[in-house]
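Student: Supplied in structure tokens, the structure appears directly below.
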Amino acid sequence: MLRLLAQTLESGLTASSFVHSGGGVDLPASAAARLAADAGAGLPLSQTLEGLGIVDGPSAGLLRAKESHGGLPSGLVTIADRLADRRRARQRLLGLLLYPYGLLVAAALIVPAPRLFSCTPSAYFSAMRPALVAILSVPALLLGVLPRIDPGGRLRRGALRLGSNVPFVGSAVRNGALAAYADVLGAAIKAGLPVREALPLAAQAASSDPAFDRAAAVTVEQLDGGATLAAALGATGAFPASFLSQVGSGEATGKLDEVLEHLRKDHEERSRLGWLGLAIATGAVFAIGVMGLLAYEIVSGFKQALDGMKNQIDIVAPP
Numbered sequence: 152m153l154r155l156l157a158q159t160l161e162s163g164l165t166a167s168s169f170v171h172s173g174g175g176v177d178l179p180a181s182a183a184a185r186l187a188a189d190a191g192a193g194l195p196l197s198q199t200l201e202g203l204g205i206v207d208g209p210s211a212g213l214l215r216a217k218e219s220h221g222g223l224p225s226g227l228v229t230i231a232d233r234l235a236d237r238r239r240a241r242q243r244l245l246g247l248l249l250y251p252y253g254l255l256v257a258a259a260l261i262v263p264a265p266r267l268f269s270c271t272p273s274a275y276f277s278a279m280r281p282a283l284v285a286i287l288s289v290p291a292l293l294l295g296v297l298p299r300i301d302p303g304g305r306l307r308r309g310a311l312r313l314g315s316n317v318p319f320v321g322s323a324v325r326n327g328a329l330a331a332y333a334d335v336l337g338a339a340i341k342a343g344l345p346v347r348e349a350l351p352l353a354a355q356a357a358s359s360d361p362a363f364d365r366a367a368a369v370t371v372e373q374l375d376g377g378a379t380l381a382a383a384l385g386a387t388g389a390f391p392a393s394f395l396s397q398v399g400s401g402e403a404t405g406k407l408d409e410v411l412e413h414l415r416k417d418h419e420e421r422s423r424l425g426w427l428g429l430a431i432a433t434g435a436v437f438a439i440g441v442m443g444l445l446a447y448e449i450v451s452g453f454k455q456a457l458d459g460m461k462n463q464i465d466i467v468a469p470p
């Protein structure tokens, strides 16, 4: 939708024309009506898109920068690319979760299986049903509920902030926050936004990590004191030395936007590998747990069967 809107604006038409020509068909009727009404009233497009929840705060800030510099269509394309990257990252994460999820389904089906031999099929289904229903509800949560949660909202940020204190999870969250910071800061600089205005947007994008809570205020204060950007970022204590050295190199060579793009890709990959390692470790733990529970159930089932046979023998031939 954002790409089509960018093409409409680039051709000289308005957002209202975009809606009336059917471009907002993917939007709910109320959202399309508000987009047309706000455009007719002369309100900034960035304000409307943020109010509708189509873009988050940092993306809206980038659009405001493009609006002020007359490059709104290119800003919309940039935001569309960022949203597409976010969707791909979410799909990769869901793919990583398939392995441990499959083990959970297998556990729900296999662990009660010995009851088929020691009890009745109805006892097996009664034991299996609650766990299976709970496990099968997970895709509805991941695919139906989570994508609708505002990426910058309190619920998602709160979950990530909680995860930042968990071993292994914290590393993936931190690298994801660093990637988001570099992404927004680089995009804002490319959009022509002054660094002092871009820093709060970047800190907001990285707010999933508590280490960035005061990053914007500290960096702006350091810059006002004459520090370089690398030194200002270093004063926050939120950035690793490798990140700071590359930012310093980008400042010195005048290629800061290229360096930030490289940092974004690097930390995105580190975050992805962190989540991958966590998924593999979780799957291994589940596999060991499933095998242990299955062995316990098998031994318990055989023990019950042997006890039953012993009782029958005692009845037929008492000692």
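Under the working numbering, the first residue of the sequence shown carries the number 152, and numbering increases by one thereafter.
Note that CB positions come from ideal geometry on N, CA and C, so glycine has one too.
Taking the alpha-carbon positions, what's the Ser225 to Gly377 distance?
Tutor: 33 Å
Student: What is the rounded straight-line gap between the Cα of Ser396 and the Cα of Thr404?
Tutor: For the pair Ser396 and Thr404, the Cα-to-Cα distance works out to about 12 Å.
Student: What's the C-alpha gap between Gly163 and Leu352?
Tutor: 29 Å
Student: So, Gly425 versus Ser322, is the Cβ gap smaller than 8 Å?
Tutor: Result yes, Cβ atoms of Gly425 and Ser322 sit closer than 8 Å.
Student: Rounding to the nearest angstrom, what Cα-Cα distance links Ala432 and Ala188 in this structure?
Tutor: 51 Å
Student: Got a sec? Which residues, its chain only, sit under 6 Å from Leu336 by beta carbon, not counting five neighbours each side?
Tutor: Ala349, Ala353 and Leu411
Student: What separation, rounded to the nearest whole angstrom, lies between the Cα atoms of Phe394 and Pro361?
Tutor: If you draw a straight line from the Cα of Phe394 to the Cα of Pro361, it comes to about 18 Å.
Student: Leaving aside the five residues before and after Ala382 along the sequence, list all residues of the same chain whose C-beta is less than 6 Å from its C-beta, in chain order.
Tutor: none
Student: Could you check what DSSP says for Lys406 in three-state terms: helix, strand or coil?
Tutor: coil
Student: According to DSSP, simplified to helix, strand and coil, what is Ser172?
Tutor: coil
Student: For Thr159, which of helix, strand or coil comes out of DSSP?
Tutor: helix
Student: When you compare only the Cα positions, how much space is there between Arg233 and Gly440?
Tutor: 39 Å
Student: Please confirm whether Ile230 and Val256 have their CB atoms less than 8 Å apart.
Tutor: no
Student: Taking the C-alpha atoms as reference points, what is the distance between Val398 and Leu329?
Tutor: 12 Å
Student: Is the separation between the beta-carbon of Ala356 and that of Asp375 shorter than 8 Å?
Tutor: no
Student: Applying the criterion that 16 or more other CB atoms from any shown protein chain within 10 Å of the CB defines a buried residue, is Lys341 buried or exposed?
Tutor: buried
Student: Figure out for me which residue from Arg421, Ala446, Leu153 and Gly443 has the closest Cα to the Cα of Ala240.
Tutor: Arg421
Student: Below 8 Å between beta carbons: does that hold for Ala166 and Leu186?
Tutor: For the 8 Å CB-CB criterion, Ala166 and Leu186 form a contact.
Student: Assign Ser273 to buried or exposed, taking buried as 16 or more other Cβ atoms, counted over all protein chains shown, within 10 Å of its Cβ.
Tutor: exposed
Student: Quick one, which of Pro281, Phe390, His171 and Gly222 has its alpha-carbon nearest His418's?
Tutor: Measuring from the Cα of His418, the nearest candidate turns out to be Phe390.
Student: Using a threshold of 8 Å, state whether the C-beta atoms of Phe276 and Leu429 are closer than that.
Tutor: no
Student: Less than 8 Å between the beta carbons of Phe437 and Leu249, yes or no?
Tutor: no
Student: Assign Ile431 to one of three DSSP states: helix, strand, or coil.
Tutor: helix
Student: Using a Cβ-Cβ cut-off of 7 Å (strictly less than) and excluding sequence neighbours within five positions of Ala259, which residues of its own chain qualify?
Tutor: Met279, Ala282, Leu283 and Ile286
Student: Hey, how far is the Cα of His413 from the Cα of Ala367?
Tutor: 21 Å
Student: Output the boundary residues of the alpha helix (DSSP H) element that contains Ser197.
Tutor: Bounds of the alpha helix (DSSP H) holding Ser197 are Leu196 to Gly202.
Student: Within a Cβ cutoff of 8 Å, which residues of the same chain sit near Arg365, ignoring the five residues on either side of it in sequence?
Tutor: Excluding residues up to 5 positions away in sequence, Thr387 lie with their Cβ nearer than 8 Å to the Cβ of Arg365 in the same chain.
Student: When the Cα atoms are used, what is the spatial distance from Leu160 to Ile261?
Tutor: 58 Å
Student: For Tyr338, which residues from the same chain have a beta carbon less than 7 Å from its beta carbon, with the 5 sequence-adjacent residues on both sides left out?
Tutor: Just to set this straight, residue 338 is Ala in the shown sequence, not Tyr. The answer, listed in chain order, is Leu213 and Thr229.
Student: Which residues bound the alpha helix (DSSP H) around Ala342?
Tutor: No alpha helix (DSSP H) holds Ala342; DSSP gives it neither H nor E.
Student: In the structure shown, what three-state DSSP assignment does Met279 receive?
Tutor: Here DSSP, grouped into helix, strand and coil, assigns Met279 to helix.
Student: Taking the alpha helix (DSSP H) that Leu374 belongs to, which residues open and close that run?
Tutor: Ala366 to Asp375
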